[in-house]
């Protein structure tokens, strides 16, 4: 196994310039990701990106999506870390540390108090041990074979325009005092209707609640993900009905396994358990990096994270 070249003294660091998306897509394709120009532009719409480059080629990339985070009864500005990548030959530790140090400085200047994200197995040890990221939890998906869920007569899987009630129901799903990513109508529209590479579906009971869904082929099994929950946190009946409605959609799309994320302290966790969901799915790292001294110990808080909060879905 060849050693990585120590080119850290010859590396140039920069933010985004118009046209960089072409180089970015080319870079991620060398890492095995099939990003398109439209997808890159959509996911990096704020252009809060840090590059390391050598000979006009990108050798490291890190992006941040600013997010409004609700902590208890107040809002603060956080940043979702996305698209952390390093060239296999030139992306050595000094280069990566400098890339991250520069993006953190830029985040502080615009008022972002902390970064959070879902690093993969390759990135997490580095971010945790060398960059100061703190673990909140390892999230294990709740799953159930589709055949174990009862059938529903509700055939709604249209994707209507998001309205104010969708945003209100999304906020009502969260326990008081929990930490959550706020999503107003514009955020929901951007996340689920403007994404160029994905097909999302919605099941809703108007004014009562909605779920956002996605299908994904994994090896020889087709998975159906429940990405987003918009329903009152105490409305057990509607939560159950929506999951059964989702199963009806998944049947028409030939799904084998249904999965979702759910904090075990939430009412919906018990609903899912009653329906037969089990913690037997894939595990995802979830952590954060404080950028300000006034950020509390967020690993001790009750986070309510959905699959839709991750850029992987």
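Numbering (full-length UniProt numbering), first residue to last: 1 to 313.
All C-beta atoms, glycine included, are put in the ideal place defined by N, C-alpha and C.
Any idea which residues DSSP pairs residue 60 with across the strands?
Paired residue(s): 52 and 86.
Just to confirm the assignment: which complete beta strand (DSSP E) runs, minimum length 3, are found wholly within the stretch 249–273?
Within the stretch 249–273, the complete beta strand (DSSP E) runs of at least 3 residues are 257–260.
Got a sec? Which residues, its chain only, sit under 6 Å from residue 192 by beta carbon, not counting five neighbours each side?
Excluding sequence neighbours, residue 192 sits near 200 and 212.
Whole alpha helix (DSSP H) runs in the stretch 187–212 with 4 or more residues, listed along the chain?
The qualifying runs do not exist here; there are none.
Would the beta-carbon of residue 209 fall within 8 Å of that of residue 184?
No.
Residues of its chain near residue 308, where Cβ-Cβ distance is below 7 Å and the 5 sequence neighbours each way are ignored
Excluding residues within five positions, the ones whose Cβ falls inside 7 Å are 191, 212, 227 and 228.
Start and end of the beta strand (DSSP E) containing residue 116?
The continuous beta strand (DSSP E) containing residue 116 extends over residues 114–117.
Which one or two residues does DSSP pair with residue 286 in a beta bridge?
For residue 286, DSSP records a beta bridge to 137.
Roughly how many angstroms separate the alpha carbons of residue 107 and residue 90, rounded to a whole number?
If I take the Cα positions, the gap works out to 25 Å.
Quick test of your reading: residue 284 and residue 139, contact by CB under 8 Å. State the CB separation rounded to the nearest angstrom.
Under the criterion of beta carbons closer than 8 Å, residue 284 and residue 139 qualify as touching, at roughly 5 Å.
At what residues does the alpha helix (DSSP H) containing residue 123 begin and finish?
It is not in any alpha helix (DSSP H) - residue 123 carries neither H nor E in the DSSP assignment.
Quick check on residue 66: does DSSP put it in helix, strand or coil?
For residue 66, the three-state secondary structure derived from DSSP is strand.
Is the beta carbon of residue 67 sitting closer than 8 Å to the one on residue 11?
Contact flag unset, no.
Closest Cα partner of residue 292 within the set 78, 146, 186 and 170
Nearest option by C-alpha distance: 78.
Just mark residue 219 as buried or exposed, buried being the case when its beta carbon has 16 or more other beta carbons within 10 Å.
An exposed status is given to residue 219, since fewer than 16 other beta-carbon atoms sit within 10 Å of its beta-carbon.
Member of 170, 241, 168 and 134 whose CA lies at the smallest distance from the CA of residue 287:
Measuring from the Cα of residue 287, the nearest candidate turns out to be 134.
What are the start and end residues of the alpha helix (DSSP H) that includes residue 305?
DSSP places residue 305 outside any alpha helix (DSSP H), giving it a letter other than H or E.
Taking the beta carbon of residue 239 as the centre, do at least 16 other beta carbons fall within 10 Å, making it buried, or is it exposed?
So residue 239 ends up on the buried side.
Short check: CB of residue 230 to CB of residue 258, under 8 Å?
No, the Cβ-Cβ distance between residue 230 and residue 258 is not below 8 Å.
Can you name the residues that DSSP bridges to residue 109?
As far as DSSP is concerned, residue 109 takes part in no beta bridge.
Between the Cα of residue 255 and the Cα atoms of 242, 271 and 222, which residue gives the shortest distance?
Checked all of 242, 271 and 222; the closest Cα to residue 255 is 222.
Same chain, Cβ closer than 6 Å to residue 111, neighbours up to 5 away in sequence not counted:
Once the five neighbours on either side are set aside, the close Cβ partners of residue 111 are 77.
Quick check: what's the CA-CA separation for residue 80 versus residue 273?
Rounded to whole angstroms, residue 80 to residue 273 spans 30 Å at the Cα level.
Leaving aside the five residues before and after residue 39 along the sequence, list all residues of the same chain whose C-beta is less than 8 Å from its C-beta, in chain order.
Answer for residue 39: 195, 196 and 197, listed in chain order.
CA-to-CA distance, residue 233 to residue 115, given in whole angstroms:
C-alpha separation (whole angstroms): 27 Å.
Would you kindly work out how many angstroms separate the C-alpha atoms of residue 63 and residue 13, rounded to a whole number?
Straight across, the Cα-Cα distance linking residue 63 with residue 13 is about 14 Å.
For the candidate residues 206, 265, 215 and 264, whose alpha-carbon lies nearest to that of residue 242?
Of 206, 265, 215 and 264, the residue nearest in Cα terms is 206.
Exposed or buried, residue 3, counting other C-beta atoms within 10 Å across all chains shown (16 or more means buried)?
In this prediction, residue 3 has a pLDDT of 38, which is less than 50 and means its spatial position is unreliable; nothing more can be read from the coordinates.
Residue 178 burial status per 10 Å Cβ neighbour count (16 or more: buried)
Buried, since its Cβ has 16 or more Cβ neighbours within 10 Å.
Nearest to residue 84 by CA position, among 117, 169, 57 and 56, is which residue?
The option with the nearest alpha carbon to residue 84 is 117.
For residue 42, tell me which candidate among 52, 94, 25 and 105 has the shortest Cα-Cα distance.
When each option's Cα is compared against that of residue 42, the closest is 25.
On the DSSP bridge assignment, give the partners of residue 14 in chain order.
For residue 14, the pairing in a beta bridge is given by DSSP as 51.
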